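So the structure is just underneath, and the comments pick up after that.
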Ligand SMILES: Cc1cc2nc3c(=O)[nH]c(=O)nc-3n(C[C@H](O)[C@H](O)[C@H](O)COP(=O)(O)O)c2cc1C
């Protein structure tokens with residue numbers, strides 16, 4: 001049975017299941033291994049103003065219960081994404097929404113990336129990865145400080161009329177306060193959560209080339225659900241994308257029960273590209 005379209009933050013989605021940022025590339029590389037037309041939507045991998053080579057290998061390490069990654073926001077830069085990667089994805093004319101994940105090291109960089117992508121037809125808007133270090137504020141991540149969140153969201157708001165989701169770290173002492181700052185500055189919604197800071201050793205050496213990384217996968221499920229529940233309690237009407245550790249429709253329902261409007265799947269889809277489709281089918285059965 002096919003679920004009805006849902007509207008979130010003014011965008012329509014054929015179902016509530018998206019692919020999470022960074023785990024779907026720019027979409028087209030997945031076209032052969034999963035049915036992209038089944039998805040509720042897809043969030044692209046990060047786009048920065050300049051091309052980025054990313055961090056030293058190894059960039060991912062598995063452990064019991066999760067994955068550690070430190071990709072370092074590797075991407076071809078906004079101009080290549082504008083001329084090649086994003087047009088190729090949008091040419092597929094998928095029924096689901098495309099959101100573009102944006103990173104920057106100053107508020108101006110975020111807004112400039114958006115300004116350069118905003119003429120492309122067919123995408124729903126942007127997800128701002130606020131876990132980046134703010135070089136104008138001593139390297140503290142944007143998302144950790146309500147004034148920085150407000151400043152970057154306001155700059156991005158001025159650059160586009162499209163949808164803006166602010167993506168937050170689960171390692172914030174008061175995530176509802178930061179979500180409020182994002183909303184008040186013009187964000188249409190929030191994505192909860194990004195990876196948790198993490199590190200593991202292999203003998204004396206760090207398992208990741210960069211040392212520190214981000215924890216994703218099952219270990220993140222309860223943390224992500226808690227973040228959604230806290231923000232939903234504080235902000236009853238704010239659109240929320242729940243992400244972290246989803247491997248099944250039962251996991252997705254945890255987020256929906258906590259108050260998420262949509263969910264996104266990352267790590268589990270890397271290991272099994274057909275898993276998102278099964279999650280969609282599982283949710284449809286429940287509502288059938
Ligand atoms: C390999 C990898 C790359 C990622 N790249 C990005 C990124 O570019 N931008 C972003 O906002 N989040 C990125 N994330 C975080 C995911 O979008 C997601 O928030 C996190 O992995 C938790 O979901 P999961 O447990 O389903 O993977 C990345 C995660 C992984 C594992």
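Residue numbers (my numbering): 1 to 288.
From the three backbone atoms N, C-alpha and C, an ideal C-beta is built for every residue, glycine too.
Remember, predicted model here, so these are calculated numbers, not experimental data.
Below 8 Å between beta carbons: does that hold for residue i and residue j?
i, j, result
"residue 111", "residue 163", "no"
"residue 194", "residue 221", "no"
"residue 273", "residue 34", "yes"
"residue 262", "residue 16", "yes"
"residue 11", "residue 27", "no"
"residue 224", "residue 209", "no"
"residue 77", "residue 49", "yes"
"residue 72", "residue 52", "yes"
"residue 123", "residue 100", "yes"
"residue 8", "residue 47", "no"
"residue 66", "residue 279", "no"
"residue 105", "residue 133", "yes"
Would you please state the rounded distance, in angstroms, between the beta carbons of residue i and residue j? I believe it to be under 8 Å.
i, j, result
"residue 113", "residue 129", "Actually they do not touch by this definition, with Cβ atoms about 11 Å apart."
"residue 241", "residue 264", "6 Å"
"residue 152", "residue 178", "No, residue 152 and residue 178 are not in contact; Cβ-Cβ is about 12 Å, not under 8 Å."
"residue 243", "residue 266", "7 Å"
"residue 199", "residue 206", "6 Å"
"residue 45", "residue 69", "Wrong, their Cβ atoms sit about 12 Å apart, outside the cutoff."
Can you tell me which of the options puts its alpha carbon nearest to the alpha carbon of residue i?
i, options, result
"residue 88", "141, 135, 25, 149", "25"
"residue 180", "158, 228, 137", "228"
"residue 160", "249, 188, 135, 136", "188"
"residue 285", "255, 191, 248", "248"
"residue 277", "106, 7, 39", "39"
"residue 117", "98, 135, 92, 65", "98"
"residue 190", "84, 196, 170", "170"
"residue 282", "260, 252, 270", "252"
"residue 30", "82, 92, 234", "92"
"residue 144", "126, 58, 175, 123", "175"
"residue 165", "255, 5, 185, 147", "185"
"residue 20", "6, 107, 192", "192"
"residue 62", "233, 270, 146", "270"
"residue 86", "125, 234, 106", "125"
"residue 211", "58, 37, 158, 13", "58"
"residue 172", "115, 260, 141, 108", "141"
"residue 13", "239, 268, 254, 250", "239"
"residue 139", "90, 79, 107, 275", "107"
"residue 254", "121, 115, 226, 158", "226"
"residue 231", "219, 260, 203, 250", "260"
"residue 120", "84, 55, 131", "84"
"residue 196", "131, 158, 36", "131"
"residue 219", "54, 268, 37", "268"
"residue 79", "275, 60, 115, 90", "115"
"residue 135", "90, 201, 233, 109", "109"
Between residue i and ligand 1, is the CB less than 7 Å from at least one heavy atom?
i, result
"residue 265", "yes"
"residue 199", "no"
"residue 34", "no"
"residue 4", "no"
"residue 213", "no"
"residue 220", "yes"
"residue 243", "yes"
"residue 195", "yes"
"residue 216", "yes"
"residue 23", "yes"
"residue 71", "yes"
"residue 258", "no"
"residue 101", "yes"
"residue 178", "no"
"residue 280", "no"
"residue 183", "no"
"residue 81", "no"
"residue 129", "yes"
"residue 226", "no"
"residue 60", "yes"
"residue 246", "yes"
"residue 205", "no"
Say whether chain B places a C-beta atom closer than 8 Å to the C-beta of residue i.
i, result
"residue 122", "You won't find chain B in this structure, because it holds only one protein chain."
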